[in-house]
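Data first, discussion second: the structure below is written as structure tokens.
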């Protein structure tokens, strides 16, 4: 049985450098559906805030006073706290990397990093969580797809003209929209034959319906999709967005 898809992910930053804290916060909140709900400058305070704020995701540094990142992650696991962890650190030695991954880090990002790297991690996380929230896992194949963050599946079903030319050509998006989510919307539409309602798109991407509609409306204005009203025998008509295979279709 389907469960309601989580539309807002709460993020806790555990980082001792105030400047890096602010940069991380800005980068994270550029991605729709992610909100920074707390800041901690060391691992001890981070553990307290995890229990208090119950975030979905923690961005964790390694080199911090009071309690470093390795020990903090070990305690998170020993305390069985229901939270996922992304390590963001200058530590590049393989011993640290292995230890963090061994303790279940979702991702490991090395400083200095680009905003695109943060966004990529968050979108992978969203896709994985959408798979876990949307339905019960019925087969090993479904679970494998979720665990792989659906990257392989998306690459197979999204042709280059849609993924690269259409999504990547619009550098300046309206406030509140980002290219990574835009590409996911296109990917989901392509995967489902190019005709979806806002609700179906939201479920496929793992975002709120109102957010999906904003992306679809933007794509309609750009001539990448067109709105088609479907009239059924009973109930209100359904608005579906049709992906134009050729951009000349709308002329």
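In the UniProt record's numbering, the protein residues as written are 1 to 251. Virtual Cβ for every residue (Gly too), placed ideally from N, Cα, C. All values derive from a computational prediction rather than experimental measurement.
{"Query": "Backbone secondary structure at residue 40 - three-state DSSP", "Result": "strand"}
{"Query": "Residue 240 burial status per 10 Å Cβ neighbour count (16 or more: buried)", "Result": "buried"}
{"Query": "Reduced DSSP category for residue 110 - H, G, I as helix; E, B as strand; rest coil", "Result": "strand"}
{"Query": "Proximity to residue 115 [Cα-Cα], best of 180, 139 and 77", "Result": "180"}
{"Query": "Selected residue, minimal CA-CA separation from residue 34, among 95, 14, 60 and 118", "Result": "118"}
{"Query": "Stretch-stretch touch, CB-based, cutoff 8 Å, three pairs: the stretch 52 to 67 with the stretch 8 to 16", "Result": "yes"}
{"Query": "Cβ-based neighbour list, residue 184, same chain, cut-off 6 Å, excluding 5 preceding and 5 following", "Result": "205"}
{"Query": "C-beta contact flag for residue 173 and residue 31 at 7 Å", "Result": "no"}
{"Query": "DSSP-derived helix/strand/coil call for residue 120", "Result": "helix"}
{"Query": "Residue 27 - DSSP class collapsed to helix/strand/coil", "Result": "helix"}
{"Query": "Classification of residue 108 by the beta-carbon crowding that lies within 10 angstroms, buried from 16 upward", "Result": "buried"}
{"Query": "Straight-line gap, residue 81 to residue 106 (C-alpha atoms, nearest Å)", "Result": "14 Å"}
{"Query": "Exposure label - residue 151; buried when at least 16 CB within 10 Å", "Result": "Only weak support is given to the placement of residue 151: the predicted model assigns it a pLDDT of 47, under 50, and the value that follows is read from those uncertain coordinates. Exposed."}
{"Query": "Minimum Cβ-Cβ distance from residue 108 to chain C less than 7 Å", "Result": "Among the chains in the structure shown there is no chain C, since it carries only a single protein chain."}
{"Query": "Between the CA atoms of residue 209 and residue 252 - distance to the nearest angstrom", "Result": "Nothing can be reported for residue 252, as the shown portion of the chain is limited to 1 through 251."}
{"Query": "Three-way DSSP call (helix, strand, coil) for residue 81 in this model", "Result": "coil"}
{"Query": "Residue environment, residue 110, which counts as buried when at least 16 other CB atoms sit within 10 Å", "Result": "exposed"}
{"Query": "Integer-rounded CB distance, given that residue 69 should sit under 8 Å from residue 94", "Result": "At roughly 16 Å, the Cβ-Cβ gap does not stay under 8 Å, so residue 94 and residue 69 are not in contact."}
{"Query": "Residue burial classification, residue 193 (beta-carbon count within 10 angstroms, cutoff 16)", "Result": "exposed"}
{"Query": "Three-state class that DSSP yields for residue 231 in the structure shown", "Result": "coil"}
{"Query": "As assigned by DSSP and simplified to three states, the class of residue 244", "Result": "coil"}
{"Query": "Other residues of its chain near residue 230: CB distance less than 7 Å, five sequence neighbours each side excluded", "Result": "237, 238 and 240"}
{"Query": "Contact check, residue 78 vs residue 44, beta carbons under 7 Å", "Result": "no"}
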